[in-house]
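Engineer:
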Amino acid sequence: QFVMCVARIVVSACIASVLGIGLALISLPLSLAAAAGVAVAFLTARAFAIRVRALGAEAFLTSSAFGKRALQIIEGMRTLRMFGREAAEARRGDSDAENDRLALLRVDRALVLVQLLTEVLYIPLFLGIVVLASKLELPMTVMIAFLALLYRLQPHARRIDHLRIELAAQTE
Numbered sequence: 025q026f027v028m029c030v031a032r033i034v035v036s037a038c039i040a041s042v043l044g045i046g047l048a049l050i051s052l053p054l055s056l057a058a059a060a061g062v063a064v065a066f067l068t069a070r071a072f073a074i075r076v077r078a079l080g081a082e083a084f085l086t087s088s089a090f091g092k093r094a095l096q097i098i099e100g101m102r103t104l105r106m107f108g109r110e111a112a113e114a115r116r117g118d119s120d121a122e123n124d125r126l127a128l129l130r131v132d133r134a135l136v137l138v139q140l141l142t143e144v145l146y147i148p149l150f151l152g153i154v155v156l157a158s159k160l161e162l163p164m165t166v167m168i169a170f171l172a173l174l175y176r177l178q179p180h181a182r183r184i185d186h187l188r189i190e191l192a193a194q195t196e
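Just so we're aligned, residue 25 is where the sequence shown starts under the numbering used here, counting upward by one.
1) How many Å lie between R183 and R130 at the Cα?
2) Distance check for F170 and G46, CA to CA, integer angstroms please.
3) Within the continuous alpha helix (DSSP H) that includes L160, where are the two ends?
4) To the nearest angstrom, report how far apart A59 and F26 are at their CA atoms.
5) Is F66 helix, strand or coil when you go by DSSP?
6) Are R176 and L43 closer than 7 Å when you measure CB to CB?
7) Rounded to the nearest angstrom, what separates T142 and E113 at their Cα positions?
8) In this structure, does DSSP put G1 in helix, strand or coil?
9) Quick one: using the 10 Å Cβ neighbour count with 16 as the cut-off for buried, is D132 buried or exposed?
10) Between the stretch 86-97 and the stretch 133-152, are three or more C-beta pairs nearer than 8 Å?
11) What I want to know is whether the C-beta of H186 ends up closer than 6 Å to one or more non-hydrogen atoms of the ligand SAH.
Set out below in structure tokens:
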């Protein structure tokens with residue numbers, strides 16, 4: 025698992041390097057502007073990801089507590105029946121399940137917002153590249169080639185970041 029993760033990082037880094045070199049060869053000023061824009065988008069998304077991480081930790085604790093409680097109920101079912109506590113424990117289990125569902129829903133919602141934010145932050149980046157390319161009086165074909173390569177670079181950069189997190193989780 026660890027070796028495969030490292031191999032995927034190497035492959036994505038090689039692809040990203042080739043695309044980055046292609047961008048630099050097309051236009052160094054546009055490449056530097058794009059790198060600055062990507063850095064801003066990345067750091068902004070990273071700040072929001074901290075909140076997602078906190079929500080994930082909360083959801084983990086909630087799910088863990090729910091699982092332990094469910095196991096206790098299953099193991100103690102005879103005792104619950106003997107004392108007529110089935111209905112009360114069912115209500116408590118429903119409440120715990122709802123709390124767990126809400127915690128997981130908050131994590132999903134926050135993840136979607138971070139992904140959406142990342143996509144939205146790339147719009148001004150692309151528009152800024154178009155404006156800068158026109159100020160540098162670059163031909164339209166050069167600008168289109170640059171934007172196409174930049175667009176192709178995005179998933180590889182995201183994959184490297186995702187794999188980096190996966191690798192860190194495996195080494196803990």
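Note that the Cβ used here is the ideal one computed from N, Cα and C, for glycine as well.
If you're wondering where the values come from, they're calculated on a predicted model, not measured in any experiment.
Structural biologist: On the basis of the coordinates in this document:
1) Translated into positions along the sequence shown, residue 183 becomes position 159. Translated into positions along the sequence shown, residue 130 becomes position 106. About 24 Å.
2) Position 22 of the sequence shown, counted from the start, is the residue given in the question as residue 46. Position 146 of the sequence shown, counted from the start, is the residue given in the question as residue 170. Rounded to whole angstroms, G46 to F170 spans 8 Å at the Cα level.
3) If you number the sequence shown from 1, residue 160 lands on position 136. First-last for L160: undefined, no H or E at that position.
4) Within the sequence shown, the letter at position 35 stands for residue 59. Within the sequence shown, the letter at position 2 stands for residue 26. Separation of A59 and F26 (C-alpha to C-alpha, rounded to the nearest whole angstrom) is 29 Å.
5) Start at 1 with the first residue of the sequence shown, and residue 66 comes out as number 42. Residue state, collapsed to three classes: helix.
6) Translated into positions along the sequence shown, residue 176 becomes position 152. Translated into positions along the sequence shown, residue 43 becomes position 19. Going by C-beta atoms, R176 is nearer than 7 Å to L43.
7) By 1-based counting over the sequence shown, the position of residue 142 is 118. By 1-based counting over the sequence shown, the position of residue 113 is 89. For T142 and E113, the distance between alpha carbons rounds to 43 Å.
8) Nothing can be reported for residue 1, as the shown portion of the chain is limited to 25 through 196.
9) Against the sequence shown, residue 132 aligns to sequence position 108. So D132 ends up on the exposed side.
10) The stretch 86-97 is not in contact with the stretch 133-152.
11) This structure lacks the ligand SAH; in fact it carries no ligand of any kind.
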